[in-house]
Amino acid sequence: MGAAEISTAVRGGLEQMRVELALPPSKRDLRLDLFRGLANWLMFLGHVSTSVLAWFSFRNYGFSDGADLFVFISGYTSALVFGRRMLEGGFVFGTTRLFRRVWQIYVAHILLFVFYLASVHFLTNSFSAPDLVDRFNVAPLLNAPVETITQGLLLRYKPLNLDVLPLYVVLMAAFPPVLWLMLRHRNWVMLGSVLLYVTARQFGWNLPSYPSGVWYFNPFTWQLLFVLGAWLALGGANTLHFLVRSRAVLVFGMAYLLFAAVMTLAGLIPELQKVFPRVLFEAFNPNDKTNLAPYRFLHLAVVIILGARFIPIDAAGLQAAIWKPLVKCGQQSLEVFAVGIYLAFIGYFVLTTTSDGIIPQLLVGTAGISIMTAVAYYRSWSKRVEKAVHAHAGPPITGKSQPIGGELARPAERSAVGVV
Numbered sequence: 188m189g190a191a192e193i194s195t196a197v198r199g200g201l202e203q204m205r206v207e208l209a210l211p212p213s214k215r216d217l218r219l220d221l222f223r224g225l226a227n228w229l230m231f232l233g234h235v236s237t238s239v240l241a242w243f244s245f246r247n248y249g250f251s252d253g254a255d256l257f258v259f260i261s262g263y264t265s266a267l268v269f270g271r272r273m274l275e276g277g278f279v280f281g282t283t284r285l286f287r288r289v290w291q292i293y294v295a296h297i298l299l300f301v302f303y304l305a306s307v308h309f310l311t312n313s314f315s316a317p318d319l320v321d322r323f324n325v326a327p328l329l330n331a332p333v334e335t336i337t338q339g340l341l342l343r344y345k346p347l348n349l350d351v352l353p354l355y356v357v358l359m360a361a362f363p364p365v366l367w368l369m370l371r372h373r374n375w376v377m378l379g380s381v382l383l384y385v386t387a388r389q390f391g392w393n394l395p396s397y398p399s400g401v402w403y404f405n406p407f408t409w410q411l412l413f414v415l416g417a418w419l420a421l422g423g424a425n426t427l428h429f430l431v432r433s434r435a436v437l438v439f440g441m442a443y444l445l446f447a448a449v450m451t452l453a454g455l456i457p458e459l460q461k462v463f464p465r466v467l468f469e470a471f472n473p474n475d476k477t478n479l480a481p482y483r484f485l486h487l488a489v490v491i492i493l494g495a496r497f498i499p500i501d502a503a504g505l506q507a508a509i510w511k512p513l514v515k516c517g518q519q520s521l522e523v524f525a526v527g528i529y530l531a532f533i534g535y536f537v538l539t540t541t542s543d544g545i546i547p548q549l550l551v552g553t554a555g556i557s558i559m560t561a562v563a564y565y566r567s568w569s570k571r572v573e574k575a576v577h578a579h580a581g582p583p584i585t586g587k588s589q590p591i592g593g594e595l596a597r598p599a600e601r602s603a604v605g606v607v
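Residue numbers (our numbering): 188 to 607.
Put into C-alpha cells, the structure is as follows:
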C-alpha cells in the first residue's frame with residue numbers, strides 16, 4: 188500500500204471516528220417518551236374546542252404548546268435512530284429507512300384524513316349538524332370532491348386539526364441530506380437552519396394550501412425546531428450544557444415563563460388586557476403560530492433548558508408507575524397522535540350534541556386519554572409479540588449448516604429512543 192493510500196485510509200478512519208462520536212451512547216432517555224406522550228395528551232385536550240379541557244393544555248399558559256414540543260422531540264429522536272442507521276449502512280441505506288418512516292407517516296395521515304372526512308359527513312347528515320362542515324373545513328369536499336381528495340393526497344388540503352402530520356412528512360422527507368451533513372458539520376447545518384428560518388419569515392415563504400391560503404404550520408420556519416432537536420441529539424447538548432446549570436439562565440427562564448403565561452392569558456381574558464400597554468399586548472397577540480414567532484421559539488427553548496435542569500436523565504422518579512401511561516404513549520406516538528386527533532373531533536361532537544357541562548367535558552377528556560393509552564399499550568404488545576415470533580423463527584433453509592450461536596444468538600441492537 189502506497190503512502191497516498193495509507194493517508195487516505197487514515198483520513199477516512201478519523202472521519203468515521205468523528206462521525207461516530209457525534210452519536211451519543213445507546214441509552215434510553217425516558218424523558219423523550221414522557222414529554223412526547225404528554226404532548227399527545229395535551230394536543231388532544233386542546234383540540235376539543237371551546238371546552239374546559241382546553242385549559243389543561245399548554246397553549247393557554249405560554250407562547251409554545253404541545254405541537255412545538257412534538258416537532259422538537261421528533262427531530263431529536265429521528266437524529267438518534269436514523270443517524271445510527273446512516274452511520275452503519277451508509278447514506279443510501281439510511282435514506283431508505285427514513286423514507287420508509289415517511290411512508291408510514293403519510294399512510295397514517297391519509298387513513299386519518301379518510302376517516303375524519305367520512306365521520307364529519309356521516310354525523311352531519313345523521314344528526315342534522317351542518318355547522319360541522321364549516322367548522323372542520325370539510326366544505327371543499329362537498330363542492331369539489333374529486334379535486335379536494337386529490338389535493339388532500341398532495342397534502343395541500345387539510346381539514347381542521349390535520350396539519351401536524353403533513354408537516355412531519357415534509358420535514359422527514361427533507362431530512363436525509365440534512366442528517367448526513369449534520370453528522371459531519373452539525374454547527375454549520377444549525378446555522379443554515381437559522382438562516383432559512385429568518386429568510387422565510389422576512390420574505391413570507393410558505394407552501395400553498397387548497398382551496399386558498401398557506402400551510403398553517405410553515406415548514407420553512409418550523410424546520411428550526413426539528414433541526415434544533417437533531418442538533419442537540421448529535422452533540423449540541425454538550426455545547427449548551429452550561430445553560431442548564433446557569434443561575435442567570437434559571438432566573439431569566441422563570442421570569443420569561445411567567446411573562447408568557449400572563450401575556451397569553453391576557454389574550455383570553457379581556458379584563459387582563461387593560462393592564463398592559465396596547466403596543467406590548469399586540470406584540471404577542473395574536474400568537475404567530477404559523478411562522479413560529481421568535482418569542483414562541485424562545486419559550487420552548489426555556490422549557491427545554493429548565494426541563495433538563497429539574498428532570499435529569501437519571502431522575503429516579505422517571506421510573507415511577509404513575510408515568511408509565513405517558514411514557515407508553517410517547518413510545519407509540521404516531522398511532523396515539525392520530526387516534527387523539529380523531530377522538531378530539533368525536534369529543535367535540537358529543538359535547539355539542541348532548542351537554543357541554545363541566546362533568547361531561549371531564550368524562551370526555553378522561554375517556555379520550557384512556558382510549559389513547561389503551562391504543563399505546565396494544566401497539567406495544569403487538570410489536571413485542573411480532574418481535575418474539577421473528578426471534579423464535581428458525582434460520583432460513585439454504586442447504587448449508589448454520590453455526591450454533593450465529594445470528595440468532597446475537598441480540599439485536601435496540602434504539603435509544605424507541606419508535607420515532
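A virtual CB, placed ideally from N, CA and C, is assigned to each residue, including glycine.
According to the neighbour-count rule (16 or more other Cβ atoms, all chains shown, within 10 Å of its Cβ), is Arg-287 buried or exposed?
exposed
Cβ-based burial, Val-258 [other Cβ within 10 Å; buried from 16]:
buried
Cut-off 6 Å between Cβ atoms - residues of its own chain near Val-307, not counting five sequence neighbours on either side:
Leu-319, Phe-323 and Val-325
Which value, in whole angstroms, describes the spacing of the CA atoms of Ala-447 and His-486?
8 Å
For my contact list, Met-559 and Leu-530 are in at a C-beta cut-off of 8 Å; report their separation, rounded to the angstrom.
7 Å
For Arg-388, which residues of its own chain have a beta-carbon under 7 Å away from its beta-carbon, when the five flanking residues on both sides are left out?
Thr-408 and Asn-478
Could you compute how far the alpha carbon of Ala-686 sits from the alpha carbon of Ala-254?
Outside the displayed span of the chain (188 to 607) sits residue 686, for which this structure offers no information.
Reduced DSSP category for Pro-353 - H, G, I as helix; E, B as strand; rest coil
helix
By a C-beta neighbour count over all protein chains shown, 10 Å radius and 16 as the cutoff for buried, is Trp-418 buried or exposed?
buried
For Tyr-344, I'd like the list of residues in its chain whose CB is within less than 6 Å of its CB, leaving aside the five on either flank, ordered along the chain.
Thr-335, Gln-338 and Tyr-397
Collapsed DSSP secondary structure at Gly-586 in the structure displayed:
Low confidence applies here, because Gly-586 scores a pLDDT of 44, under 50, leaving its location unreliable; read the following figure in that light. In the structure shown, Gly-586 sits in coil (DSSP, three-state: anything other than H, G, I, E or B).
Determine, using beta carbons only, whether Val-523 and Leu-217 come nearer to each other than 7 Å.
no
C-alpha gap between Met-204 and Leu-421, whole angstroms
Residue placement at Met-204 is poorly supported in this model, since its pLDDT is 45, which falls under 50; the coordinates still yield a value, given next. Distance between the alpha carbons of Met-204 and Leu-421 is about 14 Å.
For Val-401, name the three-state secondary structure that DSSP assigns.
strand
Go through the stretch 238 to 271 residue by residue and report every complete run of the beta strand (DSSP E) that reaches 3 residues or more, in order.
none
Are Arg-284 and Ile-260 touching if we call contact CB-CB under 7 Å?
no
Taking the Cβ atom as the reference point for each residue, do Ser-244 and Leu-232 lie within a distance shorter than 7 Å?
yes
Which residues in the same chain have their Cβ closer than 8 Å to the Cβ of Glu-202, if we skip the five residues on either side of it in sequence?
Note on Glu-202: pLDDT 48, under 50, position unreliable in the model; the coordinate value appears next. The residues are Arg-371.
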